[in-house]
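K.L.:
For what it's worth, our numbering labels the leading residue of the sequence shown as 461, then goes sequentially.
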Amino acid sequence: MKIRPFKLERYFARYEFSVKHIMSASDCESMTVAELMALGGDEAMEAWKDLRLNYTEPKGHPDLLAGIADGYDGIGPENLITLVPEEGIFLAMNALLERGDHVIALSPIYQSLLEIPRSIGCTLSEWPIVLEGNRWKLDLDHLESLLRPETKLLVVNFPHNPTGFQPTKEEFRRILSLTEERGIWVFSDEMYRGLEPTADLRLPSAAEIYPKAVSLSGLSKSYGLPGLRMGWLACTDHYLMEKVTCLRDYTTICGSAPSELLSIMALRCADDLMERCRKIVAENGVTAAEFFGKHEDLFRWIPPMAGSIGFPVLNGDFPAEDFFAHVVEKKNLMVLPGSVFGVDENHFRIGLGRKDFSKCCEILEEYLRERG
Numbered sequence: 461m462k463i464r465p466f467k468l469e470r471y472f473a474r475y476e477f478s479v480k481h482i483m484s485a486s487d488c489e490s491m492t493v494a495e496l497m498a499l500g501g502d503e504a505m506e507a508w509k510d511l512r513l514n515y516t517e518p519k520g521h522p523d524l525l526a527g528i529a530d531g532y533d534g535i536g537p538e539n540l541i542t543l544v545p546e547e548g549i550f551l552a553m554n555a556l557l558e559r560g561d562h563v564i565a566l567s568p569i570y571q572s573l574l575e576i577p578r579s580i581g582c583t584l585s586e587w588p589i590v591l592e593g594n595r596w597k598l599d600l601d602h603l604e605s606l607l608r609p610e611t612k613l614l615v616v617n618f619p620h621n622p623t624g625f626q627p628t629k630e631e632f633r634r635i636l637s638l639t640e641e642r643g644i645w646v647f648s649d650e651m652y653r654g655l656e657p658t659a660d661l662r663l664p665s666a667a668e669i670y671p672k673a674v675s676l677s678g679l680s681k682s683y684g685l686p687g688l689r690m691g692w693l694a695c696t697d698h699y700l701m702e703k704v705t706c707l708r709d710y711t712t713i714c715g716s717a718p719s720e721l722l723s724i725m726a727l728r729c730a731d732d733l734m735e736r737c738r739k740i741v742a743e744n745g746v747t748a749a750e751f752f753g754k755h756e757d758l759f760r761w762i763p764p765m766a767g768s769i770g771f772p773v774l775n776g777d778f779p780a781e782d783f784f785a786h787v788v789e790k791k792n793l794m795v796l797p798g799s800v801f802g803v804d805e806n807h808f809r810i811g812l813g814r815k816d817f818s819k820c821c822e823i824l825e826e827y828l829r830e831r832g
């Protein structure tokens, strides 16, 4: 397989574990094993002590699958497979696609959602999210114009990384209707689902309402548990899910027993964990608006509609990549330039899910003062 370097992951690999502060993390504040177990009480502690470090079931522990299914309408354990989130992208794309297929993908987007189809030999069309005024928008007529007789797959991601865009339920259903009319598969990256500011803004999972949809989700973002590396695919097409299961025999084969048990505990208190994360994001959203509002000459703030990230703009001609390279050098603060998403405009990504976000703003403020 020939595949290009993953720019975002290479950027994080360079700085993530060496800098003191990260302003662009996409996940929410994590917790310790002890804190998670405290939510589960004595039963959780006993289960942890008695855990045997055996191989696990290929699709996931039955209790884990049942807990995941509780978060969906019309999706049962038989419609699920657990895996590492990135693995889910890799396996689903390889199960769905063949050389010469046409794929449409939202743009900008998490790079592997583009690069894996390219590595398979697919033809790719990008469907851009457009910035109009101070709001991100989708052009559904443009999507329709991109559809071809040979289109095999549409790739979407809502809430969107990196912009924080969220379509309305009506827009989302129209997207799915355009694919359903033509029998096109949909890969729906829903890793940030659950981080909407209000429940009425939450979209249904694509797998709940469209039989040819594959939905990706997990515990990294909206639960604040990225270290568990727990994700899953949901799809009601049994043939596709069996194909993914067979392909997994060539990747991880099965999951980690400790990770599965901790994930079962997390899902039993899912509402509390997601509410905790939403509260952090909401508080940091206020801080971000205040910070960027003070520096309107330098930054253009575009409030995210949902999720834990935003995609503001550095005003002027100075490249964001150079600007934030200087910030990390002088202030030990990492900020992710939009160039890692292949965006030419001077965007950069910020993360609203960590408790030290206000401290990151203070450090950036200090840098701006020193620079004059």
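Idealized CB from N, CA, C, for every residue including glycine. Note that the structure is a prediction, hence the values are computed from the model and not measured.
Going by DSSP in three states, Glu-743 sits in which element: helix, strand or coil?
P.N.:
Looking at Glu-743 - three-state DSSP - the assignment turns out to be helix.
K.L.:
Looking at Tyr-532: is its Cβ nearer than 8 angstroms to the Cβ of Met-794?
P.N.:
It is not a contact, given that the beta carbons lie outside the stated cut-off.
K.L.:
Do you know how far the Cα of Gly-684 is from the Cα of Ala-485?
P.N.:
Their Cα atoms are separated by approximately 11 angstroms.
K.L.:
With a 10 Å radius around its C-beta and 16 neighbouring C-beta atoms as the bar for buried, classify Ser-605 as buried or exposed.
P.N.:
Exposed, by the Cβ-count rule.
K.L.:
Using 8 angstroms as the threshold, is the region 647-661 in touch with the region 610-628, meaning 3 or more CB pairs across them?
P.N.:
Yes, the region 647-661 is in contact with the region 610-628.
K.L.:
In chain order, which alpha helix (DSSP H) runs of at least 4 residues are fully inside the region 657-715?
P.N.:
Those alpha helix (DSSP H) runs which fall completely within the region 657-715 and span 4+ residues are 666-669 and 698-708.
K.L.:
How big is the Cα-Cα spacing for Ile-564 and Ser-585?
P.N.:
Each residue's alpha carbon lies about 5 angstroms from the other.
K.L.:
Pick helix, strand or coil for Lys-819, following the three-state DSSP scheme.
P.N.:
Here Lys-819 sits in helix by DSSP.
K.L.:
Taking the runs of the alpha helix (DSSP H) that are 4 residues or longer, which of them lie wholly in the region 471-516?
P.N.:
Entirely contained in the region 471-516, the alpha helix (DSSP H) runs reaching 4 residues are, in chain order, 493-510.
K.L.:
Give the list of continuous beta strand (DSSP E) stretches no shorter than 3 residues that lie fully inside the region 546-609.
P.N.:
Qualifying beta strand (DSSP E) stretches, in chain order: 562-567, 583-592 and 595-598.
K.L.:
When the Cα of Glu-756 is compared with those of Asn-775, Arg-464 and Cys-488, which residue comes out closest?
P.N.:
Looking at the Cα atoms, Asn-775 is the closest of the given residues.
K.L.:
Do Ser-682 and Met-734 have their C-beta atoms closer together than 8 angstroms?
P.N.:
Against a cut-off of 8 angstroms, the Cβ pair of Met-734 and Ser-682 comes out as a contact.
K.L.:
Apart from the five residues just before and just after Leu-661, which ones in its own chain have a Cβ nearer than 7 angstroms to its Cβ?
P.N.:
Answer for Leu-661: Gln-626 and Ala-766, listed in chain order.
K.L.:
Cα separation between Phe-477 and Glu-656?
P.N.:
Answer to the nearest angstrom: the Cα atoms are 29 angstroms apart.
K.L.:
Along the chain, where does the alpha helix (DSSP H) that runs through Val-615 open and close?
P.N.:
Where Val-615 is concerned, there is no enclosing alpha helix (DSSP H), although the beta strand (DSSP E) it sits in stretches over 611-617.
K.L.:
So Phe-466 and Ser-572 are supposed to be a Cβ contact under 8 angstroms. How far apart are they, rounded?
P.N.:
The Cβ separation is near 6 angstroms, so the contact holds.
K.L.:
I need the straight-line Cα distance from Gly-536 to Ala-529, nearest angstrom please.
P.N.:
In a straight line, the C-alpha of Gly-536 is about 5 angstroms away from that of Ala-529.
K.L.:
Cys-706: buried (16+ other C-beta within 10 angstroms of its C-beta) or exposed?
P.N.:
Burial call: exposed.
K.L.:
So, with DSSP's three-state summary, where would you put Val-800?
P.N.:
Correct three-state label for Val-800: helix.
K.L.:
Between which two residues does the beta strand (DSSP E) holding Ile-810 run?
P.N.:
From DSSP, the beta strand (DSSP E) with Ile-810 extends over 808-811.
K.L.:
Going by the DSSP bridge assignment, what does Ser-648 pair with across the sheet?
P.N.:
Bridge partners of Ser-648: Val-616 and Ser-675.
K.L.:
Determine, using beta carbons only, whether Leu-551 and Leu-543 come nearer to each other than 8 angstroms.
P.N.:
Contact: yes.
K.L.:
Run through the DSSP bridge pairs and tell me what Leu-540 is partnered with.
P.N.:
Note: Leu-540 sits in a beta bridge opposite Ala-694.
K.L.:
Reducing DSSP to helix, strand and coil, say where Arg-653 ends up.
P.N.:
Looking at Arg-653 - three-state DSSP - the assignment turns out to be coil, as it is neither helix nor strand.
K.L.:
Any idea if His-481 is buried or exposed, counting beta-carbon neighbours within 10 angstroms, 16 or more meaning buried?
P.N.:
The residue in question, His-481, is buried, as its Cβ has 16 or more Cβ neighbours within 10 Å.
K.L.:
Please say whether Gly-745 and Leu-812 have beta carbons closer to each other than 8 angstroms?
P.N.:
Yes. Within cutoff.
K.L.:
Might you give, ordered along the chain, the residues of its own chain that have their beta carbon closer than 6 angstroms to the beta carbon of Glu-610, omitting 5 neighbours on each side?
P.N.:
The residues are His-562.
K.L.:
In its own chain, which residues sit with a C-beta less than 8 angstroms from the C-beta of Ser-579, not counting the 5 before and 5 after it?
P.N.:
For Ser-579, where only same-chain residues beyond five positions count, the Cβ hits under 8 angstroms are Met-461, Lys-462 and Ile-463.
K.L.:
Quick one: what does DSSP say Val-795 is sitting in, helix, strand or coil?
P.N.:
Coil at Val-795, not helix or strand.
K.L.:
Taking C-alpha atoms, which residue in Tyr-710, Pro-545, Val-773 and Gly-654 lies nearest to Gly-593?
P.N.:
Closest option to Gly-593, Cα to Cα, is Val-773.
K.L.:
Mind checking if Glu-650 is an interface residue toward chain D, Cβ cutoff 8 angstroms exclusive?
P.N.:
Absence of chain D from the displayed structure is noted, only one protein chain being present.
K.L.:
For the alpha helix (DSSP H) holding Ala-717, just list the boundary residues, first then last.
P.N.:
Residues 717-728.
K.L.:
Tell me Leu-774's beta-bridge partners as DSSP assigns them.
P.N.:
Note: Leu-774 sits in a beta bridge opposite Phe-759.
K.L.:
Check each candidate in Ala-666, Tyr-515, Leu-722 and Cys-737 and name the one with the smallest Cα separation from Thr-658.
P.N.:
Looking at the Cα atoms, Cys-737 is the closest of the given residues.
K.L.:
Do three or more CB pairs link the region 624-639 to the region 663-670 at distances below 8 angstroms?
P.N.:
Output reads yes: the region 663-670 touches the region 624-639.
K.L.:
Spell out the partners DSSP gives Ile-769 in its beta bridges.
P.N.:
In the DSSP output, where bridge partners are listed per residue, Ile-769 has Gly-811.
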